[in-house]
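Take the sequence shown: its position 309, counting from 1, is numbered 309 in full-length UniProt numbering, and each next residue is one higher. Below is one structure; the comments refer to it alone.
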Amino acid sequence: MRLSTESHYVQIKNYGDTLSLPLTAFTTSGLVNGDTIVSVLETSPGTVASANVIGSPYAITPSAASGTFTPSNYTLSYVNGSLTIMPVALTVTANDATKTYGQSVSLPLTAFTSSGLVNGDTIVSVNESSPGTVATASVIGSPYVITPSNASGSFIASNYTLSYVNGALTVQPRPLIVTANDASKNYGQSISLPLTAFTTNGLVNGDTVVSVNETSAGTIATANVVGSPYAITPSAASGSFIASNYTLSYVDGALSVLPVPLVVKANDASKNYGQGINFAPTAFTAQGLVNGDTILSVNENSPGAAASANVIGSPYAITPSGASGAFSASNYTLSYVNGALTVLPTPLVITANNASKNYGQTLTLPLTAFTSSGLVNGDTVVSVNETSPGTVASASIAGSPYTITPSAASGTFTPSNYTITYVNGILTIQSIPLVITANDQIKNYGQAMTLPLTAFTTSGLINGDTVVSVNEISAGTSAAANVVGSPYTIVPSGASGSFTASNYTISYVNGALTVLPIPLVVKANDASKNYGQTITLPLTAFTSLAWSMVTPSLASMNLALAPSPPQM
Numbered sequence: 001m002r003l004s005t006e007s008h009y010v011q012i013k014n015y016g017d018t019l020s021l022p023l024t025a026f027t028t029s030g031l032v033n034g035d036t037i038v039s040v041l042e043t044s045p046g047t048v049a050s051a052n053v054i055g056s057p058y059a060i061t062p063s064a065a066s067g068t069f070t071p072s073n074y075t076l077s078y079v080n081g082s083l084t085i086m087p088v089a090l091t092v093t094a095n096d097a098t099k100t101y102g103q104s105v106s107l108p109l110t111a112f113t114s115s116g117l118v119n120g121d122t123i124v125s126v127n128e129s130s131p132g133t134v135a136t137a138s139v140i141g142s143p144y145v146i147t148p149s150n151a152s153g154s155f156i157a158s159n160y161t162l163s164y165v166n167g168a169l170t171v172q173p174r175p176l177i178v179t180a181n182d183a184s185k186n187y188g189q190s191i192s193l194p195l196t197a198f199t200t201n202g203l204v205n206g207d208t209v210v211s212v213n214e215t216s217a218g219t220i221a222t223a224n225v226v227g228s229p230y231a232i233t234p235s236a237a238s239g240s241f242i243a244s245n246y247t248l249s250y251v252d253g254a255l256s257v258l259p260v261p262l263v264v265k266a267n268d269a270s271k272n273y274g275q276g277i278n279f280a281p282t283a284f285t286a287q288g289l290v291n292g293d294t295i296l297s298v299n300e301n302s303p304g305a306a307a308s309a310n311v312i313g314s315p316y317a318i319t320p321s322g323a324s325g326a327f328s329a330s331n332y333t334l335s336y337v338n339g340a341l342t343v344l345p346t347p348l349v350i351t352a353n354n355a356s357k358n359y360g361q362t363l364t365l366p367l368t369a370f371t372s373s374g375l376v377n378g379d380t381v382v383s384v385n386e387t388s389p390g391t392v393a394s395a396s397i398a399g400s401p402y403t404i405t406p407s408a409a410s411g412t413f414t415p416s417n418y419t420i421t422y423v424n425g426i427l428t429i430q431s432i433p434l435v436i437t438a439n440d441q442i443k444n445y446g447q448a449m450t451l452p453l454t455a456f457t458t459s460g461l462i463n464g465d466t467v468v469s470v471n472e473i474s475a476g477t478s479a480a481a482n483v484v485g486s487p488y489t490i491v492p493s494g495a496s497g498s499f500t501a502s503n504y505t506i507s508y509v510n511g512a513l514t515v516l517p518i519p520l521v522v523k524a525n526d527a528s529k530n531y532g533q534t535i536t537l538p539l540t541a542f543t544s545l546a547w548s549m550v551t552p553s554l555a556s557m558n559l560a561l562a563p564s565p566p567q568m
């Protein structure tokens with residue numbers, strides 16, 4: 001009986017799999033009488049893992065059928081089956097990659113992973129390309145596709161169903177550092193930070209930053225040096241660049257507030273020698289204060305402040321220090337400028353004492369005949385020279401008072417410390433007594449008399465002075481002057497001669513003019529009456545006769561008794 005055994009299905013395996021063909025993987029044709037074939041050996045060169053797709057299909061060769069049959073009852077023939085090797089899935093995936101904006105990259109041939117290789121097959125290289133590899137690739141287009149292709153290595157491509165999986169090339173923002181430039185300003189100055197006061201690090205592809213906003217607490221005029229440096233904070237960079245291509249970081253700059261020059265100058269001052277001085281805390285000028293800052297007080301000292309400071313060392317430095325007020329010292333570079341304390345000579349008045357002397361006296365003025373006003377510090381004036389044209393005996397009262405001129409003061413003092421003013425004294429020439437006494441005179445009643453200019457005596461004349469004439473008057477000089485009023489005063493005056501009247505205190509001493517009586521004869525008039533007649537003699541019935549008319553010789557005698565006027 002013919003018996004045919006055939007693999008009852010086409011076997012399929014993947015490349016790389018090892019396959020054991022089952023004993024039951026067959027079909028039979030021709031068995032009778034309930035005979036069965038239970039197992040059949042099958043072999044195929046395609047069962048090994050290394051069997052390539054290219055040799056597929058491989059023959060499956062059956063043999064050695066066994067079962068509940070008697071092989072001799074059959075003419076057994078085996079019919080080969082086929083073993084088909086299926087390509088396995090091979091996935092080549094481009095590795096994801098990153099780069100920084102502005103960077104040009106070449107994707108390496110090994111930047112991939114593979115899934116599905118068997119039998120020790122290897123992929124050595126894969127070509128990859130991406131539009132993101134160029135330097136200009138922007139972050140905005142990221143991630144860019146990395147396209148793998150042309151895998152090559154120690155594998156047979158036909159054994160695989162090769163699929164490529166794209167990778168992703170991420171363009172990362174490039175670090176861009178915008179650093180505000182450091183700046184400085186003077187305290188009290190208000191500044192605006194320029195938009196271009198910055199530096200950049202990281203720009204590529206010709207990108208530029210044109211302007212950056214900058215702010216700082218130090219830009220205002222009142223920003224103090226103590227808080228310096230102040231941060232300059234940059235922001236809002238703008239220009240010909242795409243911000244997303246960069247990881248923008250800002251680095252603060254530093255705004256230094258510099259102290260401004262502040263000059264405090266002690267005011268110049270002056271004082272007189274012998275005067276102690278305390279400097280007022282406000283005796284200064286300040287130049288350079290800003291922001292309404294004020295200096296209220298400054299300490300000042302000077303070696304010239306003591307009362308004993310001499311004019312010769314003048315001017316003395318006035319040294320200011322310790323300025324205080326409504327200002328912060330750290331905001332200023334404080335410099336002090338000395339003032340000058342001038343010690344002025346103090347007024348010293350030396351006054352010659354007034355003096356007096358009598359006309360005709362020679363006087364020596366003493367060195368101590370003065371008073372002084374203005375001496376200080378225990379200084380003394382011991383002597384002063386004094387001169388006067390009135391000291392000579394011949395100095396006239398007419399020139400009096402004469403100047404007493406002091407000079408050349410000397411003593412325990414330094415002349416340069418004083419402005420010496422000499423005040424003249426006066427030398428008064430006092431008149432001396434000159435007594436002019438009118439000589440006494442006599443005359444007879446009825447006699448008119450002229451008093452002579454020389455009828456006087458003097459007492460007190462000096463320096464060869466002389467009195468030549470003196471006017472004299474008297475009520476007794478007229479002929480009518482009565483004896484009853486006698487003696488009459490002779491009043492001298494108007495002395496003249498070779499003397500200066502002002503040099504003398506002239507006192508006149510009156511003389512006496514005595515009027516002597518002369519003889520007088522009263523003769524009753526002769527009269528007649530009739531006898532028997534009573535008459536009354538009239539009071540006027542007389543005649544008076546000068547003595548000379550009565551008895552000439554007797555009258556002459558009487559006149560001779562009268563004294564003659566004195567002769568000068």
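Where is the CB? At the ideal position from N, CA and C, for every residue including glycine.
Distance from the CA of ASP293 to the CA of SER192, rounded to the nearest whole angstrom, comes to 23 Å.
Assigned with DSSP and collapsed to three states, THR391 falls in helix. Per DSSP, reduced to three states, the secondary structure at ALA326 is strand. Close CB contacts of LEU19 within its chain, under the 6 Å cut and outside five residues either way in sequence, are with LYS13 and THR47 (chain order). Nearest Cα to SER56 within the set SER82, GLY132 and LEU375: SER82.
Ranked by Cα distance from PRO406, the first of THR36, VAL392, LEU427 and SER416 is LEU427. Around the beta carbon of ALA94, a 10 Å sphere encloses 16 or more other beta carbons of the protein chains shown; the residue is thus reported as buried. By the criterion of a C-beta distance shorter than 7 Å, ALA151 is surrounded in its chain by VAL92, ILE123, VAL126 and LEU162, once the five residues flanking it on both sides are discounted. Proximity to THR199 across LYS185, GLU214, GLN189 and PRO22 peaks at GLU214, based on C-alpha coordinates. Contact between ALA183 and VAL212 fails: their C-beta atoms lie close to 13 Å from each other, not under 8 Å. In terms of Cβ geometry, TYR187 and ASN245 do not form a close pair [threshold 8 Å].
In the three-state reduction of the DSSP assignment, THR477 falls in the helix class.
Collapsing the DSSP output to three states places SER372 in a strand. 8 Å or more divides the Cβ of ILE429 from the Cβ of TYR504.
Beta-bridge analysis with DSSP links PRO492 to GLU472. If you draw a 10 Å sphere on the C-beta of SER373, you find fewer than 16 other C-beta atoms in it, and that means exposed. Looking at the backbone, the Cα of GLY494 and that of SER469 are separated by about 8 Å.
The shortest C-alpha to C-alpha distance from LEU23 to any of SER496, LEU41, VAL204 and GLY34 is the one to LEU41. Judged by their CB atoms, SER158 and VAL53 are nearer to each other than the 8 Å cut-off. Each residue's CA atom was taken as its position, placing ILE242 and PRO234 some 18 Å apart.
Spatial neighbours of GLY16 in its own chain (CB-CB distance under 6 Å, excluding positions within 5 residues in sequence) are listed in chain order as ALA49, VAL88, VAL118 and ASN119.
Going by beta carbons, ALA438 and ILE420 fall outside the 8 Å limit.
Scanning TYR78, PHE69, GLY132 and ALA65 for the CA closest to the CA of THR98 turns up GLY132. Distance between ALA25 and PRO62, taken at the CA atoms: about 9 Å.
Here the alpha carbons of SER321 and LEU365 stand approximately 56 Å from one another.
Looking at the DSSP output, PHE112 bridges to ALA94. When only Cα atoms are considered, THR391 and GLY399 end up about 12 Å apart.
DSSP places LYS357 inside the beta strand (DSSP E), whose first and last residues are 355-358. Ranking GLN189, VAL204 and VAL209 by CA distance to the CA of ALA197 puts VAL209 first. DSSP places PHE456 in the uninterrupted beta strand (DSSP E) bounded by 456-459. Around the beta carbon of TYR488, 16 or more other beta carbons sit within 10 angstroms, so the residue counts as buried. Distances from the CA of VAL515 to each of SER502, VAL484, SER115 and LEU545 were compared; the closest alpha carbon is that of VAL484. Put simply, the backbone Cα of ALA305 is about 41 Å away from that of LYS185. Residue PRO259 holds the alpha-carbon nearest to the alpha-carbon of ALA329 among VAL382, VAL337 and PRO259.
Annotation: the continuous beta strand (DSSP E) that includes TYR160 extends over 160-165. By the 16-neighbour rule on beta-carbons within 10 angstroms, VAL38 is exposed.
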